[in-house]
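Peer 1: Numbering (the numbering used here), first residue to last: 1177 to 1699.
All C-beta atoms in this analysis are idealised placements derived from N, C-alpha and C, irrespective of residue type, glycine included.
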């Protein structure tokens, strides 16, 4: 289908031509062809939500175009400029680019690489151009995520993504920033969809196509280059695929798939290696993705007054700790990463488990219960809002964001509580939602959980809410005869023993999540 259908006809009365009109409905049917196949009510809701989301996107871009780069955004911009100069051979050597990119080892280079073409094309782009470029990049990811979701999970899940995060005004604001949290969350959904498709094939003892394995690894390396904490999901997804091969054992299919998954993991490591080697060379010690954890645990969970073997120098906590570690390393002949680990151990002396869990609980509160807090920076820094209206604007943002956010959060919690005794696709998708949720929620246990980080979780919240809704509606609409037919079909095609094992794994996962959650809450 073309973007719009040519509709030019000669008007005999006026001797003029009527030009083709770009129809909003044709735009949607072209971008999302699966909508055409659905019933009228579904199409209507999808169109309404799509244009609501696009309206919020344009409003957020207009709002953020008057907001200067904040905090870490300036680092991503500087790194993008260095990459652009290196590519243009404009006075930046490979070593200089490496030094700048690695820095203290805290940032993956993904967003800087994505942004570098803009700085290669325009020497000094203004803030509107930067925000617009990132907004376009995020739109491509959003469009890709919805297409993949509809293809592998089904149109209802795509509709869920049209609600959360598409109608979350705070997520829309983040879609214009150089921070990689929201874009990383969208890539995460693409990885979930591809991983789900391979997991179902593995459970049915089918050979996993080479092409799909390579595509999944490319998506995963893209994810990790954007957000280093997602490395846990890479590990978990590979282990999950291998576990399914063992659970639904078929010697021939298992051996073929095992070789292909191992090859995929090796390919991922090969794509990550250039960055790991460069960061390790620059920092003088082994670095897999980032070196943040060497300091973050001691800074967040220990006694900061002891982090630098006493009080740290004045200034930003992170920068002060990094400067001290470099100076101490130079004086002792050690590498700075070793010094940072020693600093962390020193600051953690005397910290009890109860104190640690109390700080974890505080982290979770910031991660999940303060979805609008970081938007205050956007409002305070905005050049398009008069001072007397800043309070009203922030109240409006909170009013628009809170209902959709907390409803999606509640739905995500309930989706994680669900377990399935049968129906293999639901078992697999439910386990993947649990696994991805656990991996994302692991960050508050080892790192400061900034209120900026929750947009990473937002797209998964949409999928979880869709999973809950689809499951409940299906259960309510099932008849006794349909249940009997589905059971017969399952008995003839699915290994019952494997279903029982997945059922047990679901229970074990749920018990683990509830136990850890209870420990954090009670502490």
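For the alpha helix (DSSP H) containing residue 1532, name the first residue and the last one.
Peer 2: 1529–1544 is the extent of the alpha helix (DSSP H) around residue 1532.
Peer 1: Need the endpoints of the alpha helix (DSSP H) that residue 1327 sits in, please.
Peer 2: 1303–1328 is the span of the alpha helix (DSSP H), which, as asked, contains residue 1327.
Peer 1: Report yes or no: do the segment 1357–1377 and the segment 1603–1617 share at least 3 C-beta pairs separated by less than 8 Å?
Peer 2: yes
Peer 1: Can you tell me whether residue 1676 is buried or exposed? The criterion is at least 16 other CB atoms within 10 Å of its CB, across all chains shown.
Peer 2: exposed
Peer 1: Go ahead and label residue 1370 buried or exposed: buried means 16 or more other beta carbons lie within 10 angstroms of its beta carbon, across all protein chains shown.
Peer 2: buried
Peer 1: Just checking my contact of residue 1497 with residue 1471 at CB under 8 Å: how many whole Å lie between their CB atoms?
Peer 2: 5 Å
Peer 1: For residue 1417, I'd like the list of residues in its chain whose CB is within less than 7 Å of its CB, leaving aside the five on either flank, ordered along the chain.
Peer 2: So the list reads 1374, 1375, 1378 and 1437, once near-sequence residues are dropped.
Peer 1: For residue 1504, report the span of its alpha helix (DSSP H) as first-last.
Peer 2: Start and end: 1493–1508.
Peer 1: Return yes when the Cβ of residue 1355 is within less than 8 Å of the Cβ of residue 1628, no when it is not.
Peer 2: yes
Peer 1: Taking the beta carbon of residue 1492 as the centre, do at least 16 other beta carbons fall within 10 Å, making it buried, or is it exposed?
Peer 2: exposed
Peer 1: In the DSSP assignment, find the unbroken alpha helix (DSSP H) run with residue 1565 in it and report its ends.
Peer 2: Looking at the DSSP string, residue 1565 is not in any alpha helix (DSSP H), and its letter there is neither H nor E.
Peer 1: Under the three-state reduction of DSSP, which class applies to residue 1599: helix, strand or coil?
Peer 2: coil
Peer 1: Where do the ends of the alpha helix (DSSP H) carrying residue 1480 lie?
Peer 2: It is not in any alpha helix (DSSP H) - residue 1480 carries neither H nor E in the DSSP assignment.
Peer 1: Keeping to the same chain, check which residues put their C-beta closer than 6 Å to that of residue 1321; ignore five residues upstream and five downstream.
Peer 2: Correct list, in chain order: 1362, 1365 and 1366.
Peer 1: Kindly indicate which three-state DSSP category residue 1264 falls into: helix, strand or coil?
Peer 2: coil
Peer 1: Decide if residue 1276 is buried, meaning its Cβ has at least 16 other Cβ atoms within 10 Å, or exposed.
Peer 2: buried
Peer 1: Taking residue 1383 as part of the alpha helix (DSSP H), name the residues at either end of that continuous run.
Peer 2: Here residue 1383 belongs to no alpha helix (DSSP H), and DSSP marks it neither H nor E.
Peer 1: Near residue 1668, what residues of its chain come up, given a Cβ to Cβ distance below 7 Å and the 5 sequence neighbours on each side ignored?
Peer 2: With a pLDDT of 38 at residue 1668, under the threshold of 50, the modelled position of that residue is not reliable, and no figure is offered here.
Peer 1: Roughly how many angstroms lie between the CA atoms of residue 1203 and residue 1219, to the nearest whole one?
Peer 2: 13 Å
Peer 1: Check residue 1629 in the structure and name its three-state DSSP category.
Peer 2: Residue 1629: coil per DSSP, three-state reduction.
Peer 1: Using only alpha-carbon positions, find the residue among 1585, 1439, 1427 and 1563 that is nearest to residue 1544.
Peer 2: Closest option to residue 1544, Cα to Cα, is 1585.
Peer 1: How many Å lie between residue 1594 and residue 1680 at the Cα?
Peer 2: So the alpha carbons of these two residues sit roughly 13 Å apart.
Peer 1: For residue 1402, does the three-state DSSP call read helix, strand or coil?
Peer 2: helix
Peer 1: Between the Cα of residue 1701 and the Cα atoms of 1582, 1581, 1551 and 1588, which residue gives the shortest distance?
Peer 2: The structure shown does not extend to residue 1701, since the chain is modelled only from 1177 to 1699, so the question has no answer here.
Peer 1: Could you tell me which uninterrupted beta strand (DSSP E) segments, each at least 3 residues in length, are contained entirely in the segment 1218–1273, listed from first to last along the chain?
Peer 2: Whole beta strand (DSSP E) segments, 3+ residues: zero.
Peer 1: Judging by CA-CA distance, which residue of 1546, 1602 and 1522 is the nearest neighbour of residue 1328?
Peer 2: 1602
Peer 1: For residue 1653, which of helix, strand or coil comes out of DSSP?
Peer 2: helix
Peer 1: Work out the CA separation of residue 1626 and residue 1265 for me, nearest whole Å.
Peer 2: 37 Å
Peer 1: Any contact of the segment 1419–1437 with the segment 1476–1490, i.e. 3+ C-beta pairs under 8 Å?
Peer 2: no
Peer 1: Once DSSP output is grouped into helix, strand and coil, what is the label at residue 1353?
Peer 2: coil
Peer 1: Does the distance from the C-beta atom of residue 1208 to that of residue 1323 stay below 8 Å?
Peer 2: yes
Peer 1: From residue 1260 to residue 1296, what does the alpha carbon distance come to, in whole angstroms?
Peer 2: 5 Å
Peer 1: DSSP state of residue 1456, grouped into three classes?
Peer 2: helix
Peer 1: Whose CA, out of 1240, 1642 and 1224, lies closest to the CA of residue 1583?
Peer 2: For the residues 1240, 1642 and 1224, the minimum Cα distance to residue 1583 belongs to 1642.
Peer 1: To the nearest angstrom, how far is the alpha carbon of residue 1688 from that of residue 1337?
Peer 2: 28 Å
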